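Under the working numbering, think of the first position of the sequence shown as 3, with each following residue one higher. Positions of the beta carbon are idealized from the N, C-alpha and C atoms, including for glycine. Here the structure is a predicted model, which is why all the values come from computation and not from measurement.
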Amino acid sequence: MARPKTPLLSAARIADGAIELADRTGDIQMTQLARHLGVAPSSLYSHVTGRAKVIDLARLRMLERMEPLGPAHDWREAVANLLRRLTTLYARHRRILPLLSTTAMACDRSLAVYEPMFAALIEGGFRRDQLRLVVAMVEFQAFGLAQGLPAPAMSDHIRETLPAYTASVDHSRYDLATATEFSVAMVIGGLEAIRAHPDGP
């Protein structure tokens, strides 16, 4: 039997194609994805239900490429590891981030990546109602770090009337590694303060 000219579709191939398309164009549309993969849109829909499912597959594929977290000795290590590794991962695929942020995570295999951090936070004494907030905060930090600082607004009028802001711009130097460690220290320090007051927010 002759081999098909186009490799058979799979979840992994669809996810890889979606990541490649988002890296190049900043978007994932089904028609464009089918063209990118060299298949008919109907073939794509025989494997996935729609765009949201494709984005969720792309998220899973990215997380699978991230260095595994594994069990942490304590919650500080879990937070630091997740923040550093997510930031590195997201910095490689900045253009897909707006799509990930507006699409719900539905795959249990994606959720399982975060299980070591949830377990470490519980072991560390954080309240159950705080857990998802902590993980979401780490995610938000990683998203922001990966995208870097926005270009600052500046004019002669701003320099004359906003000296503190002007100083912040004049002394601003964005380095991803340095910014990540600054963020790790800030997040862990904030969580330490919250943990010290278990009846607080």
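From which residue to which residue does the alpha helix (DSSP H) around residue i run?
{"i": "S185", "result": "L178 to R197"}
{"i": "D29", "result": "Segment: none, D29 is in no alpha helix (DSSP H) and carries neither H nor E."}
{"i": "G146", "result": "L133 to Q149"}
{"i": "R111", "result": "D110 to A114"}
{"i": "D201", "result": "No alpha helix (DSSP H) holds D201; DSSP gives it neither H nor E."}
{"i": "L10", "result": "Run containing L10: none; DSSP gives neither H nor E here."}
{"i": "A122", "result": "E117 to E125"}
{"i": "T163", "result": "D158 to T163"}
Could you tell me if residue i is buried or exposed, where buried requires 16 or more neighbouring beta carbons within 10 angstroms of its beta carbon?
{"i": "D158", "result": "exposed"}
{"i": "S185", "result": "buried"}
{"i": "Q31", "result": "exposed"}
{"i": "I124", "result": "exposed"}
{"i": "M119", "result": "buried"}
{"i": "I16", "result": "buried"}
{"i": "A198", "result": "exposed"}
{"i": "L59", "result": "buried"}
{"i": "M188", "result": "exposed"}
{"i": "A138", "result": "exposed"}
{"i": "T182", "result": "buried"}
{"i": "M64", "result": "buried"}
{"i": "G191", "result": "exposed"}
{"i": "A153", "result": "exposed"}
{"i": "A74", "result": "buried"}
{"i": "L135", "result": "exposed"}
{"i": "M3", "result": "Low confidence applies here, because M3 scores a pLDDT of 43, under 50, leaving its location unreliable and the question unanswered by this model."}
Kindly give me the distance between the Cβ atoms of residue i and residue j, rounded to whole angstroms, as I take these residues to be in contact under 8 Å.
{"i": "V41", "j": "L71", "result": "Going by Cβ atoms, the distance from V41 to L71 rounds to 35 Å, so no, they are not a contact pair."}
{"i": "L62", "j": "S103", "result": "So it is not a contact: roughly 16 Å between Cβ atoms."}
{"i": "A20", "j": "V56", "result": "5 Å"}
Measure from the alpha carbon of residue i to the alpha carbon of each residue in the options, then state which is nearest.
{"i": "G150", "options": "A169, S174, R134 and T163", "result": "S174"}
{"i": "G146", "options": "L164, A122, R53 and L88", "result": "L88"}
{"i": "W77", "options": "L193, P203 and H199", "result": "L193"}
{"i": "I98", "options": "P203, A13, R26 and G202", "result": "R26"}
{"i": "E79", "options": "L133, A122, P43 and L46", "result": "A122"}
{"i": "R130", "options": "D201, A179, A108 and R53", "result": "D201"}
{"i": "S170", "options": "R161, L178 and D177", "result": "R161"}
{"i": "A93", "options": "A148, C109, T163 and A155", "result": "A148"}
{"i": "H38", "options": "A195, D177 and A24", "result": "A24"}
Cβ of residue i within 7 Å of any heavy atom in the ligand NAP?
{"i": "G202", "result": "The model on display carries no ligand, and the ligand NAP is accordingly not part of it."}
Item to complete: Report the residue ranges of all alpha helix (DSSP H) runs contained in full by the segment 42 to 99; include only those spanning at least 4 residues, in chain order.
Response: Within the segment 42 to 99, the complete alpha helix (DSSP H) segments of 4 residues or longer fall at 43 to 47, 53 to 67 and 77 to 94, listed in chain order.
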